[in-house]
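Written out below as C-alpha cells is the structure these notes cover.
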Amino acid sequence: MLPPGTTLGPYEILAQIGAGGMGEVYRALDTRLGRQVAVKVLSRSYTNDAEATRRFEQEARAAGMLNHPNIVSLYDIGSEGPIRYIVSELLQGESMRQRIRQGPIPARKAVDYAVQVARGLAAAHEKGIIHRDLKPENLFITRDGQVKILDFGLVKLIGGHHEGPAVDEHAITLAGTPTEPGRLLGTVGYMAPEQIRGQSGDHRSDLFAFGAILFEMVSGRQAFRGDSPIETLNSILKDEPPEFYELDVRIPSALERVIRHCLEKNPDERFQSARDLAFDIGAMSGLTSQVISYPRLLRMRARHVLRLLAFAAIATLALGAAYWFGTRRGQAPPPTFQRLTFRGGTLLNARFGPDGQTIFYGARWGGNPVAVYTARPDSPESRDLGFSGADLLAVSTTGQLAISLRRHPIGYLRYSGTLARVPITGGAPREVLDDVEAADWHPDGEQLAIVRMIGGRSRVEFPIGKVLYSTVGWISHPRFRPDGKSLAFIDHPFLNDDRGAVALVPVKGGEKRALTPEYQAIEGLAWSADGDRLWFGADRNDSGRSISTVDLRGHSRVITNGTDALWLHDVDREGRALVSHQSVRAGIMAILPGETKERDLSWLDYSVARDLSADGKTVLFSESGEAGGSIFGIYTRSTDGSTPAIRLGEGTTEGLSPDGKWVLSISRNQQPPQVMMLPIGAGQPRAITRDRINHRNARWFPDGRHILFQGNEPGKGPRLWVQAIDGTPPRAISPENVSGHLVTADGRRVLGRDAERQWHFYPVDGGQPEPVPALHGPDVPIRFTSDGRSVYVGSFGRVPAVLYKVDLATGRREVAREAMPADPSGLINVGPILTTADGSTAIYSYTRLLSDLYLMDRPR
Numbered sequence: 006m007l008p009p010g011t012t013l014g015p016y017e018i019l020a021q022i023g024a025g026g027m028g029e030v031y032r033a034l035d036t037r038l039g040r041q042v043a044v045k046v047l048s049r050s051y052t053n054d055a056e057a058t059r060r061f062e063q064e065a066r067a068a069g070m071l072n073h074p075n076i077v078s079l080y081d082i083g084s085e086g087p088i089r090y091i092v093s094e095l096l097q098g099e100s101m102r103q104r105i106r107q108g109p110i111p112a113r114k115a116v117d118y119a120v121q122v123a124r125g126l127a128a129a130h131e132k133g134i135i136h137r138d139l140k141p142e143n144l145f146i147t148r149d150g151q152v153k154i155l156d157f158g159l160v161k162l163i164g165g166h167h168e169g170p171a172v173d174e175h176a177i178t179l180a181g182t183p184t185e186p187g188r189l190l191g192t193v194g195y196m197a198p199e200q201i202r203g204q205s206g207d208h209r210s211d212l213f214a215f216g217a218i219l220f221e222m223v224s225g226r227q228a229f230r231g232d233s234p235i236e237t238l239n240s241i242l243k244d245e246p247p248e249f250y251e252l253d254v255r256i257p258s259a260l261e262r263v264i265r266h267c268l269e270k271n272p273d274e275r276f277q278s279a280r281d282l283a284f285d286i287g288a289m290s291g292l293t294s295q296v297i298s299y300p301r302l303l304r305m306r307a308r309h310v311l312r313l314l315a316f317a318a319i320a321t322l323a324l325g326a327a328y329w330f331g332t333r334r335g336q337a338p339p340p341t342f343q344r345l346t347f348r349g350g351t352l353l354n355a356r357f358g359p360d361g362q363t364i365f366y367g368a369r370w371g372g373n374p375v376a377v378y379t380a381r382p383d384s385p386e387s388r389d390l391g392f393s394g395a396d397l398l399a400v401s402t403t404g405q406l407a408i409s410l411r412r413h414p415i416g417y418l419r420y421s422g423t424l425a426r427v428p429i430t431g432g433a434p435r436e437v438l439d440d441v442e443a444a445d446w447h448p449d450g451e452q453l454a455i456v457r458m459i460g461g462r463s464r465v466e467f468p469i470g471k472v473l474y475s476t477v478g479w480i481s482h483p484r485f486r487p488d489g490k491s492l493a494f495i496d497h498p499f500l501n502d503d504r505g506a507v508a509l510v511p512v513k514g515g516e517k518r519a520l521t522p523e524y525q526a527i528e529g530l531a532w533s534a535d536g537d538r539l540w541f542g543a544d545r546n547d548s549g550r551s552i553s554t555v556d557l558r559g560h561s562r563v564i565t566n567g568t569d570a571l572w573l574h575d576v577d578r579e580g581r582a583l584v585s586h587q588s589v590r591a592g593i594m595a596i597l598p599g600e601t602k603e604r605d606l607s608w609l610d611y612s613v614a615r616d617l618s619a620d621g622k623t624v625l626f627s628e629s630g631e632a633g634g635s636i637f638g639i640y641t642r643s644t645d646g647s648t649p650a651i652r653l654g655e656g657t658t659e660g661l662s663p664d665g666k667w668v669l670s671i672s673r674n675q676q677p678p679q680v681m682m683l684p685i686g687a688g689q690p691r692a693i694t695r696d697r698i699n700h701r702n703a704r705w706f707p708d709g710r711h712i713l714f715q716g717n718e719p720g721k722g723p724r725l726w727v728q729a730i731d732g733t734p735p736r737a738i739s740p741e742n743v744s745g746h747l748v749t750a751d752g753r754r755v756l757g758r759d760a761e762r763q764w765h766f767y768p769v770d771g772g773q774p775e776p777v778p779a780l781h782g783p784d785v786p787i788r789f790t791s792d793g794r795s796v797y798v799g800s801f802g803r804v805p806a807v808l809y810k811v812d813l814a815t816g817r818r819e820v821a822r823e824a825m826p827a828d829p830s831g832l833i834n835v836g837p838i839l840t841t842a843d844g845s846t847a848i849y850s851y852t853r854l855l856s857d858l859y860l861m862d863r864p865r
C-alpha cells in the first residue's frame, strides 16, 4: 500500500479505496487543480511483467480515446520510479454488483441504467473499441444516478489498432483455443458463445454481456449459472435463461424482448449495434409503468396457470380502466414503432404521400449527396427518385412535390436552396425561387408558403412576397392548418440554435400567437387531420425528449417520452406519425505543427471549437449536447490534449482575451442576454453589459480593454457595437443588419457583412465603411495574417472544410488547408477551420447526424 502523503508526480495520495489482482486504487489530490481524483497503481509484483504492463497501458490508451458521460474519464497516465499509474475521475456511489446484491432493480430504474450503458457502449464501438469484459463489477452508479463503464483492460481495438490478447485476473484456463493457447478472455457468466469457442468476438459480444447484466439487474440472479465455471460456460452454449415467470419476476414484455434479443446464441441474430439497442430501450421509458409482461402460457408448469390467469384477468380489467380514464385525461398507451430506413446517413425531412401509404423523404446516405426517396411500410427498400443534390420540402394533396435544388447549409440545421416543384409521378423540376429554406403547400395544392432570409430577418411568406411574420432569429417547419386559414411554424429566437416555440399566424393577416412555451430544442411540426391539434417533437426540461401535441388554446399533451432524440416529420389521417431517431454528435480535431496525424480534442458529446489562442496552445469550446445540458458549458483545453478540459461556466462561448486570462460569454439566464467575462484562473465572473440590447457574437479588441459584439435593440435590426469592459455604455459602429466579429490588429477597423452580403471595413471611430471586394458573401473570416495583408477565411457546411488565404489588396486566394474526419457517414458540417496567424496550428469542429426513420402508431 502507498501511505497517505505519498506523491506520484503532482498527485498526493489521500487514502486507498479499492484493490484487485492487478493493483490498488487510491483517492488522491491533484495539487495543480485542487481537485480529488482516482489513481490506479499497477501492483509492484507486475512491474517487470511485460504482459501486465502492456495491458495496463492498453487500458489507459483505450479510455483516453473516449470522452462520454457514461464512460469513466481518464485524466492522466504516468510513472514515478518503478510505479506506473493511471489517473481518472473520482466516482462516488456504488458498483452495479453492490446494487444487485440489494435485490432486483425495478424495471423503470433498470431501463434508465440500461440506456446509459448502451449509450456508453455505442460511443466506444464508434471509436472502434470493444470492451470484452462487461460485468456488474465494471459498471458504477454515481450518487446522482449516472452509470459509468469502467475497466478497459480486456479491450480490443479494431480498425487498424492493436488486437492482441490480454490477461485478466478473472480469465479461466482451458485447453488451447485459436485466440491464445490455454486462455479464454472474459469473465465466466458474461462471455458470449463465440468467445467461449475461442473466437475473438466483436461488438456484438459486448451486447451479449449487456443482456446478461440486464437480466441480472431485473431478476437478481445470473442468466447462466452452473455449479462450476465449466458448467456455467456449458449453459451459455446450450441453455436459454430461465423464464421470468419461473423467477416470479414481472417486467414489461418489451424489456424482456430486448434482453432475449441480446442473449441470442448467434451474433447475427442479436442487435447489430449498441446505438439501435439504446434507441429500443429509450423508447421504452413510458412502457415500464403501463404494460405488464406475462408468461407464455403454453410453456408454464401447470401449478402456475390458474394463479396467473386470475392475475391476468384482474390486470386486464385494471389496464382497461386505466386506458379509459387515461384517455379521458389526455393519456394513452405508448405507441409502437416500425423502422422504415436501414442505411447509414442523415435524414432531415419526410412526408406521407396523398395515398397515406407511400412515404417521401430526403436523405444523404453513406456520404453521398442528398437525394429524394420513396418508401412503403411493407418493404425495407427505398427508391431514389433521381433528384441528386435535392431535398424534400413538402408533398401536396394534388400529387406535387416541393423540393429544394442545390441544397446547402447556412447554419446549424438550417439549409437553403432553389425551390422547385415536380409531379410525384416524375418529370423535370420547375424552379420557382432561389434562397428558400422551407416551404409548405396550401391545402388547395397550388400555392406555397415559404421561409427565407432577407435583410437580416427570417420571414414566412404567403403567398410568396407577402410577409406574415419576420424575426431576427429564424423560422422553421411552416405547416398549413387543414382548412388553410392559418399557418403554424416554429419560432426560434436565436440563429444557429434549435430552441424555440410553436407559433400560429392567420394567413389573412394578424398577430403571431405562441402556442407553447420555449423549449430548449424543438424539431418538427404537423397538424392532426381535424386541425384541432399540432404535433411536435421537443426536448422538455421536465421529462426528457418527447413527441407531444398542443391544441389551439395552448394545452399540451405528451404522446411518448424517450431518452433519445425523436424528430417529428408528419402525421397522417389515421394518426400515424413519421418520426426519426437522430443521433447527433460534434467533435473537435487539432492539426499541430510538425504532426501529420490529427488529435481528437472532443470532450463530451457535442464539442464545438469557438476560438483558438494566438499561440495555438489553447482551444476555447462549448458543450451543448446532452452532457452539456440545457445551458451550454464553456470549456478550455490545451491543443496537444495533454490536460483535461476545464469547465469555466455556462452560457454561449464567445472569445479568448489577448492575454489568455478571460473568456467572453453571453448568459441566456438574463433577458435580453448580456455579455460576461469569465476568469480562466482565479477570480470572479464580471458583467460587462447591462442594457436592453439582444447581444450576440462577442469578441475582444486587441487592447483587451474593449469588446465587439453584434446585437439589436428592441424592434430594430442587428448591428455592430463597441464597448469598454469597465461597463460604460456601448457605441454602435455600423448600420443595422450588419454582422461581423473580426477586428484589425491596430483596433481601428472591424470587418463586417451587410444585408446584401457585401463585406466592408467599418471604422471604429466613425466614417464611411470601406468595401472589401476580395471577400465573397459566404466567406467566414477567421483571422488576419501576421502582416495584416491577408485574411484566412472558411465556409460553413463544406465537406471537406477548406481554409483559404485571401490577399485583401489583389483578391488572390489560395487553399491554405483542407480537413475532414476519416469517416464521412452522417457528416452534416465540417469546419470552419480556426488557425493561428502564421497558419501553423489549426483546429476544426465537425457535426455528425445519423438518422433512422420510423412509422409510429398508437394502439387503438
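Heads up: the sequence shown runs through residues 6 to 865, numbered per the working numbering.
Where is the CB? At the ideal position from N, CA and C, for every residue including glycine.
Within the continuous alpha helix (DSSP H) that includes residue i, where are the two ends?
| i | result |
| --- | --- |
| residue 658 | That residue, residue 658, is in no alpha helix (DSSP H); its beta strand (DSSP E) goes 657-661. |
| residue 259 | 258-267 |
| residue 242 | 234-243 |
| residue 213 | 208-224 |
List the endpoints of the continuous beta strand (DSSP E) containing residue i.
| i | result |
| --- | --- |
| residue 402 | That residue, residue 402, is in no beta strand (DSSP E); it is neither H nor E in DSSP. |
| residue 29 | 28-35 |
| residue 200 | Premise fails: residue 200 lies in the alpha helix (DSSP H), 198-201, not in any beta strand (DSSP E). |
| residue 154 | 152-154 |
| residue 103 | First-last for residue 103: 101-106, but that is the alpha helix (DSSP H), not the beta strand (DSSP E). |
| residue 114 | Segment 112-131 is the alpha helix (DSSP H) holding residue 114; no beta strand (DSSP E) there. |
| residue 459 | 453-459 |
| residue 18 | 16-24 |
| residue 793 | First-last for residue 793: undefined, no H or E at that position. |
Report the CB separation of residue i from residue j in whole angstroms; it is logged as a contact under 8 Å.
| i | j | result |
| --- | --- | --- |
| residue 396 | residue 353 | 7 Å |
| residue 660 | residue 606 | About 18 Å separates the two Cβ atoms, so there is no contact after all. |
| residue 687 | residue 710 | That belief does not hold up - the Cβ atoms of residue 687 and residue 710 are roughly 20 Å apart, past 8 Å. |
| residue 456 | residue 442 | 5 Å |
| residue 506 | residue 521 | 5 Å |
| residue 732 | residue 693 | 6 Å |
| residue 624 | residue 644 | 5 Å |
| residue 503 | residue 418 | 6 Å |
What does DSSP give as the partner residue(s) for residue i in the beta ladder?
| i | result |
| --- | --- |
| residue 491 | 511 |
| residue 485 | 492 |
| residue 70 | In DSSP, residue 70 forms no bridge with anything. |
| residue 414 | 420 |
| residue 590 | 853 |
| residue 343 | 860 |
For residue i, collect the residues of the same chain with a Cβ closer than 8 Å to its Cβ; drop the 5 residues on either side in sequence, then sort them by chain order.
| i | result |
| --- | --- |
| residue 22 | 30, 31, 32 and 43 |
| residue 11 | 17 and 18 |
| residue 15 | 35, 36 and 37 |
| residue 752 | 706, 707, 708, 711 and 769 |
Can you give me the Cβ contacts of residue i inside the same chain, cut-off strictly under 7 Å, excluding the 5 residues immediately before and after it?
| i | result |
| --- | --- |
| residue 9 | 18, 19 and 20 |
| residue 403 | 450 |
| residue 670 | 639, 654, 656, 657, 658, 659, 681 and 683 |
| residue 411 | 394, 422 and 423 |
| residue 428 | 404 and 405 |
| residue 270 | 198 |
| residue 672 | 656, 678, 679 and 681 |
Spatial neighbours of residue i within its chain, please: CB distance less than 6 Å, with the 5 preceding and 5 following residues excluded, ordered by chain position.
| i | result |
| --- | --- |
| residue 784 | 798 |
| residue 559 | 520 |
Does the ligand GDP have even one heavy atom less than 7 Å from the beta-carbon of residue i?
| i | result |
| --- | --- |
| residue 242 | The model on display carries no ligand, and the ligand GDP is accordingly not part of it. |
Touch test, the segment 846-865 against the segment 586-600, Cβ-Cβ under 8 Å, three pairs minimum: Cβ pair count under 8 Å is three or more, so yes.
Contact between the segment 483-492 and the segment 503-517 (3+ Cβ pairs under 8 Å): Touching, yes, given that three or more Cβ pairs across the two stretches are closer than 8 Å.
Touching by the beta-carbon criterion (3+ pairs, under 8 Å), the segment 208-228 and the segment 131-142: By the C-beta criterion, the segment 208-228 is judged to be in contact with the segment 131-142, since at least 3 inter-stretch pairs fall below 8 Å.
At least 3 beta-carbon pairs within less than 8 Å: the segment 105-119 vs the segment 86-94: Not touching, per the Cβ criterion.
contact_flag[the segment 377-386, the segment 835-842] where n(CB pairs < 8 Å) is 3 or more: At 8 Å Cβ cutoff, the stretches do not touch.
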